[in-house]
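At position 198 of the sequence shown the residue is numbered 558 (the numbering used here), and the sequence of numbers has no breaks. Glycine included, C-beta positions come from ideal geometry on N, C-alpha and C. Remember, it's a predicted structure, so these values are computed and weren't measured experimentally. Structure record follows, encoded as structure tokens.
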Amino acid sequence: MSQKLDFANRREPIFCTVRKRGGDEVQVIRQRFSDFFNVKESAIQVWESASLATFFIEGNRSAQGNSWYHADASSVSITVHSIFEKDILDKESSAGLKKFARVINADGRDELYEKAGPVGYLFHKLPQDVAYAINDSFGFGSLYILDDAVSHTAISSSIEALALLQDSPTGLSDEYWASLQAMGHPAGHNTAFAGITKVPPGQLVTLTGKIFRLRESHSVGKFLLSCKGEEPNFEFAIKAAKKALSDSAVGADRPLLIGLSGGRDSRFVTAAAYSAGVDMNLFTYVPPELEAEVSQQLVEKIGLSDKFELHREGETKKAGGCSYVKRKSAGSPW
């Protein structure tokens, strides 16, 4: 890998925890990261325990809260994605990040259990010389591992960072490219680079000076199968949808404009928005009139006909036409 990565094009921060082999390799790794990611060595933070070293490079976009990480004498916790709710990252300590996880300390037993699914999360306990990393339950997170007896054993949010740890030139993964050509998508958790794999969804990685293991922490598949045959409970989904819509409208200087794509999802969004009391306008192009008419029926059913009405603009059965439901006191959503 000779080509540098332009720092301006990298939005997210990078973390990497490496099992040390001795010598001045921590400084060597720091220099490699500095050169490839095009950042000053002084901008790369490093935390070391007896056998592990954690590297962290800030992204070029600020986190929603105070920082992407928190570090003190006992630990460092890092996340690399900004999709957390603001009240979780907006903390002066690691309490916000740790809201997603709990640490059990009993007779030397140190385990990190996922609770809600952080996307790419690292927790390095410095005095205990152990690092944990978790990928989210759905596998959206960027979390990768390198277990190479010749070079290093490491966890990182960056494939490139792991490739830079390899002492020999990075090779391509035959499994990745063969399955990509045969099926149109890579099989399993292989990446394009040999020796580097993605952490499976819901997996917990434990790294110490002697231990390197993956353990299933939370499987969405198993959870869904365990619920088979049970009476569905939609309460949480409804509450979450209402909260998301309400939060979207906070501070807005005009009604929330919601585009409906058709089908049951549109009806659910409409009903949730109405029941949440959101000031909104709804519109649809596909199908031309159905969703707006369904919205109007919902308005009538819950007794809000005096506040909302159905509007049509243009030839709704032709391209360019549109139907929408709006508050009678509000103007056109356009």
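- Residues 504, 551, 553 and 556 of the same chain have their beta carbon placed closer than 7 Å to that of residue 519, with the five preceding and five following residues left out of the count.
- Annotated as distal: residue 484 and residue 406, with beta-carbon spacing of 8 Å or more.
- Runs of the alpha helix (DSSP H) lying entirely within the region 543-593 and spanning at least 4 residues, in chain order: 580-586.
- If you check the CB distance, residue 605 and residue 638 come in under 8 Å.
- In this structure, the alpha-carbon of residue 619 lies about 46 Å from that of residue 573.
- One thing to note: residue 534 has its Cβ no nearer than 8 Å to the Cβ of residue 410.
- With respect to residue 491, residue 567 sits close: the two C-beta atoms are nearer than 8 Å.
- Bounds of the alpha helix (DSSP H) holding residue 386 are 385-396.
- Following the DSSP letters along the chain, one finds residue 608 inside the alpha helix (DSSP H) bounded by residues 595-609.
- Collapsing the DSSP output to three states places residue 661 in a helix.
- Residue pairing for residue 431: DSSP places it in a beta bridge opposite 436.
- Taking 8 Å as the cut-off, the Cβ atoms of residue 524 and residue 396 count as close.
- Exclusion of the five residues before and after residue 415 leaves 374, 375, 376, 377, 378, 389, 390, 393, 404, 405, 406 and 521 as the residues of its chain whose Cβ lies within less than 8 Å of its Cβ.
- By the CB criterion at 8 Å, residue 511 and residue 527 fall inside the cutoff.
- Proximity to residue 494 across 398, 559 and 408 peaks at 559, based on C-alpha coordinates.
- Note that the C-beta distance between residue 602 and residue 635 is below 8 Å.
- Around the CB of residue 413, 16 or more other CB atoms lie within 10 Å, so the residue is classed as buried.
- DSSP places residue 521 in the uninterrupted alpha helix (DSSP H) bounded by 519-525.
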